[in-house]
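K.L.:
Residues in the sequence shown are numbered consecutively from 2, following our numbering.
Don't be surprised by glycine CBs; every beta carbon is placed ideally from N, CA and C.
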Amino acid sequence: MASQTFLNTHSNSYDRMTSGGTLSIAKQAIAMLPIPITDSSYVLDNACGTGIVSEVIKAQCPAARIMGADLAPGMLEIYKDKARRYGWENTDTKAQDVRNLNEFRDETFTHVITNMGFAPDADDLTGPGRAAKEMWRVLKPGGVAVVTTWYRRNFEKAFEATGRTIRPNEEPSAWKIPAEWNKGWWLMKMLDEGGFDADVEVKLVKGGMQASSLDELVENLMYFKDMFFKGYNEEEVKRLLEVMRKEISAAPGYNETNDGVKVEMIAWVGIAVKI
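#1: Taking only the alpha-carbon atoms, compute the straight-line gap between A162 and P253 and give it to the nearest angstrom.
#2: Considering only DSSP beta bridges, list what L205 is partnered with.
#3: From what residue to what residue does the beta strand (DSSP E) around E257 run?
#4: Any idea if K239 is buried or exposed, counting beta-carbon neighbours within 10 angstroms, 16 or more meaning buried?
#5: Could you tell me which whole alpha helix (DSSP H) segments of length 4 or greater appear in the region 196–248?
#6: So within the region 72–142, which uninterrupted alpha helix (DSSP H) runs reach at least 4 residues, ignoring any that extend past its ends?
#7: Is T19 helix, strand or coil when you go by DSSP?
#8: Identify whether T39 lies in helix, strand or coil by the three-state DSSP scheme.
#9: Taking buried to mean at least 16 other C-beta atoms within 10 Å of its own C-beta, is Q211 buried or exposed?
#10: Assess contact between the region 183–194 and the region 207–222, defined as three or more Cβ pairs (one per stretch) separated by less than 8 angstroms. Is contact present?
#11: Which first and last residues belong to the alpha helix (DSSP H) in which W186 is found?
#12: Any idea what DSSP makes of A175, helix, strand or coil?
#13: Which one or two residues does DSSP pair with L277 in a beta bridge?
#14: Mark K263 as exposed unless 16 or more other C-beta atoms lie within 10 angstroms of its C-beta, in which case mark it buried.
#15: Can you have a look at Q61 and say buried or exposed, based on whether 16 or more other CB atoms are within 10 angstroms of its CB?
#16: What does a CB cutoff of less than 6 angstroms around R100 pick up in its chain, not counting 5 residues either side in sequence?
#17: Taking 9 angstroms as the cut-off, decide whether the C-beta atoms of E157 and W176 are in contact.
#18: Over the uninterrupted alpha helix (DSSP H) stretch that includes I276, give me the two end residues.
#19: Taking the C-alpha atoms as reference points, what is the distance between I53 and A27?
#20: Within a Cβ cutoff of 6 angstroms, which residues of the same chain sit near V201, ignoring the five residues on either side of it in sequence?
#21: Would you tell me roughly how many angstroms separate the C-alpha atoms of G261 and E217, rounded to the nearest one?
#22: Answer yes or no: do V139 and E108 have a C-beta to C-beta separation smaller than 9 angstroms?
#23: How is A64 classed by DSSP in three states: helix, strand or coil?
#24: Rounded to whole angstroms, what is the Cα-Cα separation between H11 and V145?
#25: Please state whether DSSP places A146 in a helix, a strand or coil.
#26: Report the three-state DSSP secondary structure of A251 (helix, strand or coil).
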């Protein structure tokens, strides 16, 4: 799992690094809302990052009011730059931790959408539960909360295999999170215990990273280099692209199409209504 420090450092390259993976899930999650976003909605884009969720919302409902909140200052700067470039109206930002939305009053938002930011710290086992409680607290009665989490990213094993190839006598770096965090029942449990009780639905959706070519996709993924290959020497770094091409093309869900290449990714979407 990417740390807040890593995300802040790589905020300028985040959209390229994710190659549309988180965007593909965000589009589906927003399409599944039981209560649509309208001009009168007030949406919290929770753990907003560079504004991927806000971008989807603004394309569909330009007048919707949105608050983008994130713990990484670099991400908020990118968000604000997007808002200026695309002419988003009725948007604002605040530096906030999903586990402690202390700048927001109870019952403020009609929608709270947390796309891949529900568990910001793998070492904080209580974090997701606190995030769910905060989402419930800041939602208006009748409001909708949406949380997305990864079930299977597919590309991460390619990083581990690359590490083993280049450094066969060393355990490769990997995303280490509690096993249950990839389960749908866990997401339902977190939302249930957060206050939403039985008014929770969890579904699997498929998205994916895309690029015009395998080379482009691998170059995008190399923005994760500091996480998976930190400390590699110059000769080892030279081998990364070649080995990664081989491992990514062998990854589950990898496909070549007329438009380029794609690695399928599968996510959980949790939808909860505050009664």
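P.N.:
Working from what's here:
#1: For the purposes of this step, residue 162 is identified with residue 161 of the sequence shown, where counting begins at 1. For the purposes of this step, residue 253 is identified with residue 252 of the sequence shown, where counting begins at 1. Approximately 13 angstroms between the Cα atoms of the pair.
#2: On the sequence shown, position 204 is the one that residue 205 refers to. Bridge partners of L205: W269.
#3: Taking the first residue of the sequence shown as position 1, residue 257 is located at position 256. Start and end: 255–258.
#4: Indexing the sequence shown from 1 puts residue 239 at position 238. The residue is exposed, with fewer than 16 neighbouring Cβ atoms inside 10 Å.
#5: 215–222, 226–229
#6: 74–87, 128–139
#7: Counting from one through the sequence shown, the residue named residue 19 turns up at place 18. Helix, per DSSP.
#8: For the purposes of this step, residue 39 is identified with residue 38 of the sequence shown, where counting begins at 1. T39 falls in the coil class under three-state DSSP.
#9: Counting from 1 along the sequence shown, the entry for residue 211 is found at position 210. Buried, by the Cβ-count rule.
#10: no
#11: Here residue 186 corresponds to residue number 185 of the sequence shown, with the count starting at 1. Element bounds for W186: 185–192.
#12: Working through the sequence shown from its first residue, we reach residue 175 at position 174. It is coil, neither helix nor strand.
#13: Nothing about residue 277 can be read from this structure; the chain reaches only from 2 to 276.
#14: If you number the sequence shown from 1, residue 263 lands on position 262. Buried, because 16 or more other Cβ atoms sit within 10 Å of the Cβ of K263.
#15: Residue mapping note: residue 61 aligns to position 60 of the sequence shown, counting from 1. Counting Cβ neighbours within 10 Å, Q61 comes out exposed, since fewer than 16 surround it.
#16: In the sequence shown, the residue the question calls residue 100 occupies position 99. Only G128, R131, A132 meet the Cβ criterion.
#17: The residue you call residue 157 lines up with position 156 of the sequence shown. The residue you call residue 176 lines up with position 175 of the sequence shown. Taking 9 angstroms as the Cβ cut-off, E157 and W176 qualify as a contacting pair.
#18: The residue you call residue 276 lines up with position 275 of the sequence shown. Counted as a single uninterrupted DSSP element, the stretch harbouring I276 is not any alpha helix (DSSP H), since DSSP gives it neither H nor E.
#19: For the purposes of this step, residue 53 is identified with residue 52 of the sequence shown, where counting begins at 1. For the purposes of this step, residue 27 is identified with residue 26 of the sequence shown, where counting begins at 1. Going from the Cα of I53 to the Cα of A27 covers about 7 angstroms.
#20: Residue 201 sits at position 200 when you count from the first residue of the sequence shown. Only M189, L192, D193, A273 meet the Cβ criterion.
#21: Reading the sequence shown from its first residue, position 260 is the one you call residue 261. Reading the sequence shown from its first residue, position 216 is the one you call residue 217. Going from the Cα of G261 to the Cα of E217 covers about 9 angstroms.
#22: Mapped onto the sequence shown, residue 139 falls at position 138. Mapped onto the sequence shown, residue 108 falls at position 107. Cβ distance < 9 angstroms, so V139 and E108 count as in contact.
#23: For the purposes of this step, residue 64 is taken as the residue at position 63 of the sequence shown. In this structure, A64 counts as coil in the three-state DSSP scheme.
#24: Counted from its first residue, the sequence shown places residue 11 at position 10. Counted from its first residue, the sequence shown places residue 145 at position 144. Model confidence at H11 stands at a pLDDT of 46, short of 50, so the residue's coordinates are unreliable; what they give is reported in the following sentence. Here the C-alpha atom of H11 lies approximately 31 angstroms from the C-alpha atom of V145.
#25: Here the question's residue 146 lines up with position 145 in the sequence shown. Residue state, collapsed to three classes: strand.
#26: Looking up residue 251 in the sequence shown gives position 250. The answer is coil: DSSP assigns A251 none of H, G, I, E or B.
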